[in-house]
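Engineer: In the working numbering, the protein residues as written are 1242 to 1559. Note that beta-carbon positions come from the ideal geometry of N, C-alpha and C, so glycine has one too.
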Ligand code: UVW
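#1: Assign residue 1554 to one of three DSSP states: helix, strand, or coil.
#2: Looking at residue 1491 and residue 1463, is the spacing between their C-beta atoms short of 8 Å?
#3: Hey, would you say residue 1367 sits closer than 8 Å to residue 1263, going by beta carbons?
#4: Cα separation between residue 1286 and residue 1327?
#5: DSSP three-state call for residue 1254: helix, strand or coil?
#6: Can you find a heavy atom of the ligand ATP that lies under 7 Å from the Cβ of residue 1514?
#7: Using a Cβ-Cβ cutoff of less than 8 Å, which residues in the same chain neighbour residue 1252 once the five nearest sequence positions on both sides are dropped?
#8: Just to check, is the beta-carbon of residue 1564 closer than 7 Å to a non-hydrogen atom of the ligand UVW?
#9: From 1498, 1386, 1330, pick the residue whose C-alpha is nearest to that of residue 1356; which is it?
#10: Closer than 8 Å is the cut-off here; do at least three beta carbon pairs connect the segment 1267-1274 with the segment 1515-1528?
#11: Under 6 Å Cβ to Cβ from residue 1500, same chain only, skipping five residues before and after it: list those, please.
#12: Would you check if the distance between the CB atom of residue 1338 and the CB atom of residue 1508 is smaller than 8 Å?
#13: Considering only their Cβ atoms, is the gap separating residue 1282 from residue 1382 smaller than 8 Å?
#14: Quick one, which of 1377, 1516, 1529, 1544 has its alpha-carbon nearest residue 1538's?
#15: Between the Cα of residue 1450 and the Cα atoms of 1364, 1266, 1412, which residue gives the shortest distance?
#16: Taking 8 Å as the CB-CB limit, is residue 1530 close to chain D?
#17: What number of angstroms, rounded off, separates the C-alpha of residue 1343 from the C-alpha of residue 1256?
#18: Spell out the partners DSSP gives residue 1500 in its beta bridges.
#19: Have a look at residue 1365 and residue 1321 and give me their C-alpha separation to the nearest angstrom.
#20: Taking the alpha-carbon positions, what's the residue 1468 to residue 1418 distance?
#21: Can you give me the C-alpha to C-alpha distance between residue 1562 and residue 1534, rounded to a whole angstrom?
#22: Below 6 Å CB to CB, which residues in the same chain sit around residue 1424 once its five sequence neighbours on both sides are set aside?
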């Protein structure tokens, strides 16, 4: 049994946004993304450059996932072989042939939006809903309301790996909100209130280099919990945290040994929406080249009833 403190105790006096947008709210800090904020994002478009941020589902090199999940499995249902000699392909007037396929996928098995009801402690999910409402699928704070409203605003890339002069962050390597501010200053970028934060660590380079050994003593690089960091996210009214790691934060807090503290302090308590396992490499290379780290960000996860997450292909437009 771990002697790590319970999240209930660790976060006993932590900031909360429960009730801020009413007792029926299911999209949390995305409420900050008003029409004004969308137009603030649109104003960043100047060059017409488009970047898609999803990782390839079915990547022949393998796909990084949280331990216990599997990458999506795609199965071909019908293709040209159905019309080979002796095949049973359906005949259509005019000679139509076609391909169909299907996937079996963890909804959090690739680039994804987490629903606000994805994690909890103390029997309560986002906004105070009873955790029993997750049984059999999320009745409250599922990904569907996020998908319904969509996410659009001003995005800022914070290239922590580049800021640290590294190709990638190493296992267990941490950074804070002060590092984010310092990184932005070094890039010549101002983080504005209500910005969507995209953080590049290139940590998953290690997955592609190491294969299964990546999971030995699994501890991703990432943001690390402190009360000040949580207050910073609340004060800056950050709606959406987007990263290129599996969990958006250091897996295990080095001070307390608690797992995924920020999932709870930011997602459950503040309603900050998490987007994970993005591929930020092409966007980051372009930002380094033109010196512009801000853009219009837009993402629409899939509308899946009662789901705790959804695959997504976010876009950044400069
Ligand atoms: C867990 O919270 C377990 O996973 P994810 O990183 O997908 O949010």
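Structural biologist: According to the data block:
#1: Counting from one through the chain shown, the residue named residue 1554 turns up at place 313. Of the three classes helix, strand and coil, the one that applies to residue 1554 here is coil, per DSSP.
#2: Reading the chain shown from its first residue, position 222 is the one you call residue 1463. Reading the chain shown from its first residue, position 250 is the one you call residue 1491. Result yes, Cβ atoms of residue 1463 and residue 1491 sit closer than 8 Å.
#3: By one-based count along the chain shown, residue 1367 stands at place 126. By one-based count along the chain shown, residue 1263 stands at place 22. Going by C-beta atoms, residue 1367 is not nearer than 8 Å to residue 1263.
#4: For this step, residue 1286 is matched to residue 45 along the chain shown. For this step, residue 1327 is matched to residue 86 along the chain shown. Looking at the two C-alpha atoms, the distance is approximately 55 Å.
#5: Against the chain shown, residue 1254 aligns to sequence position 13. Of the three classes helix, strand and coil, the one that applies to residue 1254 here is coil, per DSSP.
#6: Of the ligands this structure carries, namely the ligand UVW, none is the ligand ATP.
#7: Along the chain shown, read from residue 1 onward, the residue named residue 1252 stands at position 11. Cβ within range, chain order: 1362, 1502, 1505, 1506, 1510.
#8: No information on residue 1564 is available, as it lies outside the stretch 1242 to 1559 that the chain covers here.
#9: Locating residue 1356 in the chain shown gives position 115, counting from the first residue. The option with the nearest alpha carbon to residue 1356 is 1386.
#10: no
#11: By 1-based counting over the chain shown, the position of residue 1500 is 259. 1493.
#12: Your numbering for residue 1338 matches position 97 in the chain shown. Your numbering for residue 1508 matches position 267 in the chain shown. No, the Cβ-Cβ distance between residue 1338 and residue 1508 is not below 8 Å.
#13: The sequence position of residue 1382 within the chain shown is 141, counting from 1. The sequence position of residue 1282 within the chain shown is 41, counting from 1. For residue 1382 and residue 1282, no; Cβs fall outside 8 Å.
#14: Taking the chain shown and counting its residues from 1, one reaches residue 1538 at position 297. The shortest Cα separation from residue 1538 among 1377, 1516, 1529, 1544 belongs to 1516.
#15: Position 209 of the chain shown holds residue 1450. Here the closest residue by C-alpha is 1412.
#16: The chain labelled as chain D is not found in the depicted structure, where only one protein chain is given.
#17: Within the chain shown, the letter at position 102 stands for residue 1343. Within the chain shown, the letter at position 15 stands for residue 1256. Their Cα atoms are separated by approximately 43 Å.
#18: On the chain shown, residue 1500 is found 259 positions in, with the first residue counted as 1. 1493, per the DSSP bridge assignment.
#19: Translated into positions along the chain shown, residue 1365 becomes position 124. Translated into positions along the chain shown, residue 1321 becomes position 80. C-alpha separation (whole angstroms): 51 Å.
#20: As a first step, residue 1468 must be located in the chain shown, where it is residue number 227. As a first step, residue 1418 must be located in the chain shown, where it is residue number 177. Cα-Cα distance, rounded: 11 Å.
#21: What is shown of the chain runs 1242 to 1559, which leaves residue 1562 out entirely.
#22: To locate residue 1424, count along the chain shown from 1; it is residue 183. Cβ neighbours of residue 1424 beyond the five flanking positions: 1399, 1401, 1404.
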